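Accompanying notes for the structure given below.
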Amino acid sequence: MSINAVGRHLPDAIPGYGPVKPFQGAAARVPEGHRDGGRLRAVYGGKDKVLPDLKAAIAASGLQSGMTISFHHHLRNGDHVINAVVDACAEMGLRDLVLFPTALFGVHKKLIPHIKSGVIRRIMGSVNGPIGQLVSEGGMEDPVVLRSHGGRPRAVTSGDVHIDVAFVGAPTADRYGNISGVGSRSACGSLGYAHTDAMYADCVVAVTDNLQPYPISRISIPQHYVDFVVAVESIGDPAGIVSGSTQITRDPLRLLISRYASQLIEASPCFKNGISFQTGAGGIPLAVTAFLKDAMKRRNVKGSFGLGGITGYFVDLLREGYVERLLDVQSFDLEAVKSIAENPDHIEISADWYANPWNSGAAVNALDVVILGATELDRDFNANVNTEADGALLHGTGGHQDTAAGAGLTIIAQPLLRGRIPCVVDAVYSVTTPGEVVDALVTEFGVTLNPRRTDLVEACREAKTVPLVPMEELVDRAKKLTGPMDPVVTEERIVGVIEWRDGTVLDVVRQLTPRK
Amino acid sequence: MSLRRTMLYLPGNNPNMLLRGHLFRPDGLILDLEDAVAPSEKDAARILVRDVLCRGEFGGCEVTVRINGMDTELWREDVAAVVPAGATGLRVPKVENPRDIRLLDEYLGEVESHAGIAEGRTAIFCLLETALGIWRAYDIATASPRVAALIPGGEDLTADLRTNRSADGTELATIRSLLVVAARAAGVDALDTVYPRVADDEGLRREVAFIKQLGFDGKSVIHPNQIPIVHDIFTPTEAEVEKAKRIVAAARDAAARGLGAVQVDGRMVDKPVVRRAEFTLSRAGLSGEVM
Chain B
0 MSINAVGRHL PDAIPGYGPV KPFQGAAARV PEGHRDGGRL RAVYGGKDKV
50 LPDLKAAIAA SGLQSGMTIS FHHHLRNGDH VINAVVDACA EMGLRDLVLF
100 PTALFGVHKK LIPHIKSGVI RRIMGSVNGP IGQLVSEGGM EDPVVLRSHG
150 GRPRAVTSGD VHIDVAFVGA PTADRYGNIS GVGSRSACGS LGYAHTDAMY
200 ADCVVAVTDN LQPYPISRIS IPQHYVDFVV AVESIGDPAG IVSGSTQITR
250 DPLRLLISRY ASQLIEASPC FKNGISFQTG AGGIPLAVTA FLKDAMKRRN
300 VKGSFGLGGI TGYFVDLLRE GYVERLLDVQ SFDLEAVKSI AENPDHIEIS
350 ADWYANPWNS GAAVNALDVV ILGATELDRD FNANVNTEAD GALLHGTGGH
400 QDTAAGAGLT IIAQPLLRGR IPCVVDAVYS VTTPGEVVDA LVTEFGVTLN
450 PRRTDLVEAC REAKTVPLVP MEELVDRAKK LTGPMDPVVT EERIVGVIEW
500 RDGTVLDVVR QLTPRK
Chain H
0 MSLRRTMLYL PGNNPNMLLR GHLFRPDGLI LDLEDAVAPS EKDAARILVR
50 DVLCRGEFGG CEVTVRINGM DTELWREDVA AVVPAGATGL RVPKVENPRD
100 IRLLDEYLGE VESHAGIAEG RTAIFCLLET ALGIWRAYDI ATASPRVAAL
150 IPGGEDLTAD LRTNRSADGT ELATIRSLLV VAARAAGVDA LDTVYPRVAD
200 DEGLRREVAF IKQLGFDGKS VIHPNQIPIV HDIFTPTEAE VEKAKRIVAA
250 ARDAAARGLG AVQVDGRMVD KPVVRRAEFT LSRAGLSGEV M
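Chains as they are written, first to last, in numbering that gives the first Met the number 0: chain B, 0 to 515; chain H, 0 to 290.
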């Protein structure tokens, strides 16, 4: 038993996970040794890697029971690939597979029978919705391992996780395995989350519904990483892959929070020429971007780059000259997909490039401001994005840890309450991101600064535009509005392990005791 | 003099809005027990509004309650619940008879004295929602010293006028002017009716500019997003504030030296101009600079 740097008691080892390296601090762990790598292979000659169907590719890949298969989540809730591949594996009699997706969505609830029947033994990655509920209630033998978007490529490149076969959903592919995220009805834009898997897996299978003659253009993943190509009828439902044009919220509460967040950014030392930011696709972040744009216009400030998941709103910022470049690991909407295909200043980056702490410098390191959400934040500014108030594991970590660690100003912006559930508490149920990398919380009551950031406290006092609310007052207010919460009741058994981006353990999630 | 540029309606049966309305920083709040609440929910809303009032967390907002009409059985219960709980003003719907205001004044006196509240603390805001109410505006405004403002109706009033509400408000133009005259003559505020198209920011902007020019002190709002727009129009520009400061300073200086005439920027300034300058400063939140 040990206590990590955020005060969590951790066992020395967890069944199904192995030895536990306790979290020591955001930048404490220094890696040793060399990168891991995929299997060496040689292909002499040949002009075609196309196989007739998924089963033929699975057989050719050498996939065996107990091996690890990986997938990207660029097709989001429209994805057909993961379900189809696992269905095929089940029909071929494979069992005990380790699923290593970059994220899962509601559409993947179809995997539940395969989890129950033992085709999938383990999931390493975010578990959302019904699968999260299943895991929380003890429905999987081995604990799930939650890694950030940067922690995942770190685990792959360092050899913590070895991918046997990577199945890469490909909106466009040619017969010799070049893959593009654009150019078809299933277009998803950036394929950033798939790059590292393609480079490090022992075998890579491209699954496409737009097979083209060799060679295609706008290649995201080149042929020399790809072993086989399979054409299927559909890799996904376009309506679930990207959204239409994204609208700024008119919800007054969210607009108020967004305005405070924007005023905080404007008051901070990073609001100057060259500012870079990541704001994501949620209602509040998008509105912050809109207010920030007004402020940039008013004060004649030009930004350098926008990072992360890219929306049409960011595309407009690029087009109108508010930023010089977009670094895109994931394209959220049709405008972003269109832009990445056409604009050389809209650059596709891999998850490794985006956020891996163990390379020669990730994009998040250059980030000035990030706007994030959380299900809970506590007095120490620790953020929980993985579990809900009832202790159920329902959300992935995403880029939360990485951008918080990298950005000069990390802002959590959200209402004080979600329905009757407080978002600010004495201690979070699960720690996803440690308070040492969180700088400010913005709610409808104003801005709550991490006292560690004396420079921000000073800047806000000077600007006089943002109402400052101490953390103690906010916690008290939330308690007064909601009353006491019933504590979560759990078993001893660990069903989830939350890793910090460097592979150390921040927290564990325990199996829920059924409510009487 | 308190600013009443914006007074935000909050449905009396919505705890979420009642607790958070002040965060949008309107000048005033109207906790609504009348039209926003279905007949079957009147009691529950009254209890809720009373409890929210008792918490007393409204930032710097003036807190008023729109009670049910004096033609109903409910208004006395409303008054008895919300005045002791802390409401400092009542917005009374469909006022058309000065006698009603005198009756309310009397009842308020009883409630205040029973609750140990300074008599006369509770102000009355009169909603004039019929042609008759508008016609008697001055008499209504002067029926009690508690009357703080006159407010024209919107939909009800246009229906009573046998017309409907148009985008440019032609049908309300004369009504609004009349109401400003009555309010000024009685020495109370003139507050405008709501702008119902909550997604039409430009339409709101045009209407607010128009009613400000007519002489209104502010506007009732039904959506928090309307607040910054109304404030923006009612807030004097920097140049206006600077000029007003110079006028007030010159007047102060002249008074100290026993001079009658005041000169600012090479022009003579008379008393009404000084009064307007003081008003500009108070709208800019600089009442401290007013003599």
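Positions of the beta carbon are idealized from the N, C-alpha and C atoms, including for glycine. Quick caveat: nothing in here was measured; it's all calculated off a predicted structure.
DSSP places SER147 of chain B outside both helix and strand once states are collapsed to three, so it counts as coil. Contacts between PRO151 of chain H and chain B, judged by CB atoms closer than 9 Å, are missing: the closest CB pair is about 25 Å apart. With its beta carbon at least 8 Å from every one in chain H, PRO268 of chain B lies outside the interface. Here VAL91 of chain H is not near ILE116 of chain H, since their CB atoms are 8 Å or more apart. Interface residue (Cβ-Cβ distance to chain H less than 8 Å): GLU435 of chain B is not classified as such.
Runs of the beta strand (DSSP E) lying entirely within the segment 163-194 of chain H and spanning at least 3 residues, in chain order: 188-191. For MET123 of chain B, the three-state secondary structure derived from DSSP is strand.
Contact annotation: ASN385 of chain B and VAL496 of chain B have beta-carbon atoms that are not nearer than 8 Å. According to DSSP, CYS125 of chain H shares a beta bridge with H:VAL91, H:LEU149.
Annotation for ILE493 of chain B: the continuous beta strand (DSSP E) segment containing it runs 489-498. Across the set H:PRO195, H:ALA130, H:ASP104, the C-alpha of H:ASP104 shows the shortest separation from the C-alpha of GLY119 of chain H.
Listed as beta-bridge partners of TYR192 of chain B by DSSP are no residues whatsoever. Under the 8 Å criterion on CB atoms, GLU443 of chain B is classed as interfacial with respect to chain H.
Secondary structure within the segment 217-244 of chain B: the beta strand (DSSP E) runs of 3 or more consecutive residues, fully enclosed, are 227-230 (chain order).
Taking C-alpha positions only, VAL465 of chain B is separated from ARG378 of chain B by approximately 20 Å.
The residue among H:ALA172, H:ALA189, H:ASP167 with its C-alpha nearest the C-alpha of LEU203 of chain H is H:ASP167. In chain order, ALA198, ASN224 make up the part of chain H whose C-beta sits under 8 Å from the C-beta of ARG249 of chain B.
DSSP places TYR8 of chain H in the strand class (E or B) of the three-state scheme. Contact annotation: LEU96 of chain B and ARG120 of chain B have beta-carbon atoms nearer than 8 Å.
With respect to chain B, the C-beta atom of ARG4 of chain H has no partner C-beta closer than 8 Å.
Pairing ALA165 of chain B with GLY124 of chain B, the inter-Cα distance amounts to about 14 Å. Per DSSP, the unbroken alpha helix (DSSP H) holding HIS113 of chain H starts and ends at 97-114. Against LEU252 of chain B, the close residues of chain H are ARG19, in the order they occur along the chain (beta-carbon pairs closer than 7 Å). Against chain B, the CB of LEU22 of chain H has a partner CB under 8 Å away; the residue lies at that interface.
Taking the Cα of ALA158 of chain H as reference, the smallest distance to any Cα among H:LEU171, H:THR234, H:GLU241, H:HIS113 is reached at H:LEU171.
The C-alpha of ASN224 of chain H is placed about 13 Å away from the C-alpha of ILE247 of chain B. Not a single CB atom of chain H sits nearer than 8 Å to the CB of LEU263 of chain B. Only exposed fits LEU258 of chain H, as fewer than 16 other CB atoms lie within 10 angstroms of its CB. Going by C-alpha positions, CYS53 of chain H is about 5 Å away from ALA84 of chain H.
For GLY390 of chain B, DSSP assigns no beta-bridge partner whatsoever.
Going by beta carbons, VAL488 of chain B and THR512 of chain B fall inside the 8 Å limit. Under the Cβ criterion (8 Å, minimum of three pairs), the segment 242-259 of chain H counts as touching the segment 268-288 of chain H.
Cβ contact annotation for PRO268 of chain B (same chain, cutoff 7 Å, sequence separation greater than five): ASP454, ALA458, in chain order. Contact between GLN222 of chain B and ASN177 of chain B holds: CB atoms are separated by about 5 Å, below the 8 Å threshold. A contact between stretches requires three or more CB pairs, one per stretch, nearer than 8 Å, and the segment 149-165 of chain B meets this requirement with the segment 59-77 of chain B. Looking at the DSSP output, VAL268 of chain H shares a beta bridge with H:VAL261.
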